[in-house]
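Each residue of the sequence shown is one higher than the last, beginning at 176 in our numbering.
For every residue, glycine included, the Cβ atom is placed at its ideal position computed from N, Cα and C.
As the structure is a computational prediction, the values presented were derived from the model and not from experiment.
This report concerns only the one structure given below.
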Amino acid sequence: MRDNVTLFFGVFSVMALSNAIVPVLPAFTGSPSWTGAVYAAYFLGAFISTLPAGILSDRFGPSALMRTGLALTVAGGTVLFLSGSAPVTVAGRFAEGVGAGLFIAPAMAAVNRRDDHEKMSGYFLALLNAGLVLGLIAAGVLSTLSGLPATGILLFSALSVIPLLASLASRERPLSPAGHDLVLSWDIFLKYRWVLFSSVVLIGATGVATALFPDHSSLTADAAGFWIAGMSIATIVSVMVVSRFPFRETRMIRISSLLMAGGMLLLAWSPAGLLVLGAVAGLVMIAQMALLAGEREHQGIAMGLFSTSSYLGMALLPLLAGFVADLSGIIAAFAVTAVLSCTVAFVVGRK
């Protein structure tokens, strides 16, 4: 029971805290450059920590890494709540990102080691996305009601203490002896390189939509925010449904890549494209986790690579799409992303 609290309530609270600053970012920064730095600091911290966390979780077990990640999450949230300057806010976000990286890969590995991992991964990904949605909405509402921008940050930092305390009761022996972890990571990367490529492109495509949709749409900021939240809700519904049925992983990724391309093109004319992208992202993540579950002895490394590729996609594709949008317009950026999504259908599953 305590392990479930650590895993499932943990991923919810970590993700909710990660989004709690987004609606109130202007209150923490004095310029657009600092706003960008605060936003990017989280993903930088997560990117550099998630693969080492996966490697270490195979060596020492996931509990110690998840505990450390939750502790850093609480510490980062506390720094954000108390912050009085933009540089301190950047430091808090970086610590929060490192904490998320240390938690997510070992937690995914723990879920994927279970015999019922298909069903459990559905719950895990649903709670991950529920945290993102609730963190975004609750932080904005609480800030408006209280007049204090950091109220949502305080709430989700406090909630993160619950899985942290639950994790203190977990004890486990090392899962594998010390070895050539970097060599093994490279071997697993080569074995699943096209799956990881699909993660970079298809998860990154959702980042493109999130980044460019508000500028492309004529909707108000509030309405655009609700549509973006709807993308995560569509992911929740998708992962809960598909995780209960048998499926062929490679075929699902191929089909999903084409649907993702269609969703990107639809987004050029309708915000309903966000719902398509969210639902397809759920299919993709469930299929990718199921494929990587084959690495039973090295789930930490597999999930570390998976998380790293996802964060890489969220960083690189919006950047690339932004350059294209500056040169040729946002519709062209959506089209380029759609073409990249289609390439996944042709390369995934190749030896």
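Under the three-state DSSP convention, the category residue i falls into
i	result
ALA212	helix
SER345	coil
ARG242	helix
ARG426	helix
ALA443	coil
ILE196	coil
PRO133	Because the chain spans 176 through 526 in this model, residue 133 falls outside it and cannot be assessed.
ALA353	The pLDDT assigned to ALA353 is 48, lower than 50, so where the model puts this residue is not dependable; a value taken from the coordinates is nonetheless given after this. Coil at ALA353, not helix or strand.
PRO421	coil
GLY259	coil
GLY236	coil
THR385	helix
LEU394	coil
GLY504	coil
ALA204	The residue asked about is misnamed: residue 204 is Thr in this sequence, not Ala. Of the three classes helix, strand and coil, the one that applies to THR204 here is coil, per DSSP.
Straight-line Cα distance separating residue j from residue i
i	j	result
THR326	VAL522	46 Å
THR425	LEU441	24 Å
VAL528	ASP178	A query on residue 528 cannot be resolved here, the shown segment of the chain reaching from 176 to 526 and no further.
PRO446	LEU494	21 Å
PHE388	ALA399	8 Å
ALA507	ASP233	43 Å
SER332	LEU192	7 Å
PHE364	PHE422	23 Å
ALA266	LEU247	12 Å
ALA301	VAL414	6 Å
ALA353	VAL180	Residue confidence is low: ALA353 scores 48 on pLDDT, short of 50, so the model does not pin down where it sits. Its coordinate-derived value is still stated next. If you take the alpha carbons of ALA353 and VAL180, they lie about 29 Å apart.
LYS294	PHE256	36 Å
ALA261	GLY252	14 Å
GLY276	VAL376	20 Å
LEU371	GLY322	43 Å
ALA386	THR395	15 Å
SER263	VAL254	This sequence places Val at residue 263; Ser is not what is there. The straight-line gap from Cα to Cα measures roughly 7 Å.
LEU502	ALA195	33 Å
ALA384	VAL455	13 Å
HIS391	ILE505	7 Å
GLY488	LEU467	18 Å
THR410	MET190	14 Å
THR210	GLY259	14 Å
Contact belief for residue i with residue j at Cβ below 8 Å, rounded distance in angstroms
i	j	result
LEU492	THR518	The pair is not a contact, with the Cβ atoms about 13 Å apart (cut-off 8 Å).
SER407	GLY453	6 Å
TYR367	PHE183	The pair is not a contact, with the Cβ atoms about 26 Å apart (cut-off 8 Å).
VAL199	SER296	Their Cβ separation, rounded to whole angstroms, is 32 Å, which puts VAL199 and SER296 out of contact at 8 Å.
ILE428	VAL451	The Cβ separation is near 16 Å, so there is no contact.
Measuring CB atoms only, is the stretch 336-345 touching the stretch 429-440, in the sense that at least three cross pairs come out at less than 8 Å? Fewer than three pairs of CB atoms, one per stretch, sit closer than 8 Å, so the stretch 336-345 makes no contact with the stretch 429-440.
Please determine if the stretch 302-315 and the stretch 236-251 are in contact, where contact requires at least 3 C-beta pairs separated by less than 8 Å. With contact defined as three or more Cβ pairs closer than 8 Å, the stretch 302-315 and the stretch 236-251 are not in contact.
Give the list of continuous beta strand (DSSP E) stretches no shorter than 3 residues that lie fully inside the stretch 451-489. Counting whole runs of 3 or more residues, the stretch 451-489 contains no beta strand (DSSP E) stretch at all.
Quick one: complete alpha helix (DSSP H) runs, 4+ long, within the stretch 262-326? Complete alpha helix (DSSP H) runs here, min 4: 292-321.
Please confirm if the stretch 276-283 is in contact with the stretch 479-489, defined as three or more CB-CB distances below 8 Å between the two stretches. A contact exists between the stretch 276-283 and the stretch 479-489.
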